[in-house]
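Everything in the sequence shown is counted per UniProt numbering, starting at 1 for the first residue and increasing by one.
As structure tokens, the structure follows; a few thoughts come after it.
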Amino acid sequence: MSTLEIRDLHVSVGDKEILKGVDLTVQAGKTHAIMGPNGSGKSTLAYAIAGHPKYTITSGSVTLDGEDLLDMSVDERARAGLFLAMQYPVEIPGVSVSNFLRSAVTAVQGEAPKLRQFAKDLKSGMDNLAIDSAFATRNVNEGFSGGEKKRHEILQLELLKPKVAVLDETDSGLDVDALRVVSEGVNRFRASGDTGVLLITHYTRILRYVKPDFVHVFAAGRIVEEGGPELAEKLENEGYEAYTKVSS
Ligand code: ADP
Ligand code: MG
Ligand code: MG
């Protein structure tokens, strides 16, 4: 059973401190929703955990099953079982979805998957997400709609089977049908109970489909309130106003 532990994490961009001491433990089989207003530092948390070079850890620790993630390269973090679905996925010109995913699986597993098995897994993943087969030959994120980008992120989840998945606003910009497909994908992924999910979102909408075990509210670089699923309902009714007033 895997555990991601974040202890007193402080993160700066340039000389501006953005995360001001974040504590969070994510265990396998649990889904944590990170909610909060725009600019509160949610994406910064995701990037810092994933090892984006722009984000400087000034103090604190992040471990996965006791191993120091902050000491690892981005690749090593992925091999250790960490997955990040970015809020704004990047285009990779000249690289097809199918080649990209096969390389990603190879990098994470340490050996290339058998072509036939991979083709089978890819097809079933795409079928699950209601993705047309022609999608596999397109270049990664090039001209993708918002919904296609997010489905592609969930397809990666299905194929890579990480120990901890950090999903940054995977729900943003999705219409209701796409939201349902993406949510079902997340639910399939977490059903094994072997993986922890950090679901970052600004809106409560996705939490109707993906029920969190815990909800944490971010404001100004800190967790300012924590609770169970009922906290998401409170936020749905009351918004973030109470938190932004306190923190500004
Ligand atoms: P959220 O995801 O909650 O909307 P972010 O983590 O994107 O918040 O941003 C938190 C704060 O950090 C904001 O004030 C934002 O302007 C700043 N910030 C984040 N990333 C960068 C960056 N790469 N360069 C400069 N400022 C940044
Ligand atoms: Mg934002
Ligand atoms: Mg963000």
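Ideal Cβ placement from N, Cα and C applies to all residues, glycine included.
Residue i Cβ short of 6 Å to ligand 1 heavy atom set
{"i": "threonine 44", "result": "yes"}
{"i": "valine 224", "result": "no"}
{"i": "lysine 54", "result": "yes"}
{"i": "asparagine 38", "result": "yes"}
{"i": "glycine 193", "result": "no"}
{"i": "residue 254", "result": "Here the chain covers residues 1 to 248 and nothing more, so residue 254 does not appear."}
{"i": "glycine 41", "result": "yes"}
{"i": "valine 13", "result": "yes"}
{"i": "isoleucine 57", "result": "no"}
{"i": "isoleucine 206", "result": "no"}
{"i": "isoleucine 18", "result": "yes"}
heavy atom of ligand 3 below 6 Å from residue i C-beta
{"i": "glutamine 87", "result": "yes"}
Length of the line joining the Cα atoms of residue i and residue j
{"i": "valine 105", "j": "valine 74", "result": "15 Å"}
{"i": "glycine 21", "j": "histidine 202", "result": "20 Å"}
{"i": "lysine 16", "j": "proline 113", "result": "43 Å"}
{"i": "threonine 244", "j": "alanine 219", "result": "7 Å"}
{"i": "glutamate 91", "j": "aspartate 213", "result": "33 Å"}
{"i": "leucine 231", "j": "alanine 46", "result": "21 Å"}
{"i": "leucine 101", "j": "asparagine 141", "result": "12 Å"}
{"i": "methionine 1", "j": "threonine 25", "result": "13 Å"}
{"i": "aspartate 8", "j": "threonine 63", "result": "12 Å"}
{"i": "arginine 151", "j": "alanine 50", "result": "20 Å"}
{"i": "proline 89", "j": "alanine 165", "result": "15 Å"}
{"i": "isoleucine 154", "j": "alanine 242", "result": "33 Å"}
{"i": "residue 252", "j": "isoleucine 6", "result": "Because the chain in this structure spans residues 1 to 248, residue 252 falls outside the shown range and cannot be described."}
{"i": "isoleucine 18", "j": "asparagine 38", "result": "13 Å"}
Contact with chain D by residue i, beta-carbon distance below 7 Å
{"i": "isoleucine 49", "result": "Absence of chain D from the displayed structure is noted, only one protein chain being present."}
Per-residue burial, residue i [other beta carbons within 10 Å of its own, 16 or more giving buried]
{"i": "leucine 207", "result": "buried"}
{"i": "methionine 35", "result": "buried"}
{"i": "threonine 44", "result": "buried"}
{"i": "serine 192", "result": "exposed"}
{"i": "valine 11", "result": "buried"}
{"i": "proline 53", "result": "exposed"}
{"i": "valine 182", "result": "buried"}
{"i": "proline 162", "result": "buried"}
{"i": "serine 40", "result": "buried"}
{"i": "lysine 211", "result": "exposed"}
{"i": "lysine 123", "result": "exposed"}
Review point. For the 8 Å Cβ check, are there 3 or more pairs between the stretch 128-138 and the stretch 163-176?
Key: Between the stretch 128-138 and the stretch 163-176 there are fewer than three inter-stretch CB-CB distances shorter than 8 Å, so the stretches are not counted as touching.
Review point. Okay, do the stretch 112-122 and the stretch 144-154 touch, 3+ Cβ pairs below 8 Å being the bar?
Key: By the Cβ criterion, the stretch 112-122 is not in contact with the stretch 144-154, since fewer than three pairs of Cβ atoms, one from each stretch, lie closer than 8 Å.
Check your understanding: Just checking, does the stretch 192-202 make contact with the stretch 19-33 on the three C-beta pairs under 8 Å criterion?
Key -> With contact defined as three or more Cβ pairs closer than 8 Å, the stretch 192-202 and the stretch 19-33 are in contact.
Practice item. Would you be able to state if there are at least three C-beta pairs under 8 Å between the stretch 225-233 and the stretch 58-67? Key: Result no; under three Cβ-Cβ pairs closer than 8 Å.
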